[in-house]
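Trainee: Sharing a structure below in structure tokens format, with a few things to ask.
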């Protein structure tokens, strides 16, 4: 109660990347009527929602 459902995609291991995996995942969530408060499709204040786009954020906190 009172929480938010966020979707963040783990895509940092490019050697294991599967073509169209994100699109298939999002399609499955849509078919199941699972709606996110934040994520790649709807945005929000806690983005970016792909881990690979957050590397600079992680590096910043590692240096602190």
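Numbering (this note's numbering), first residue to last: 20 to 83. Think of the CB as a built atom: it goes at the ideal place given N, C-alpha and C, for glycine as much as any other residue.
1) What's the C-alpha gap between residue 83 and residue 67?
2) With distances taken Cα to Cα, identify the nearest neighbour of residue 27 among 58, 37 and 53.
3) Inspect the beta-carbon positions of residue 24 and residue 55 and report whether they are closer than 8 Å.
4) So, are the CB atoms of residue 71 and residue 31 less than 8 Å apart?
5) If you check the beta carbons only, do residue 64 and residue 45 fall under 8 Å apart?
Mentor: According to the structure shown:
1) In this structure, the straight-line span from the alpha carbon of residue 83 to that of residue 67 is close to 21 Å.
2) 58
3) yes
4) Cβ atoms of residue 71 and residue 31: closer than 8 Å.
5) Going by C-beta atoms, residue 64 is not nearer than 8 Å to residue 45.
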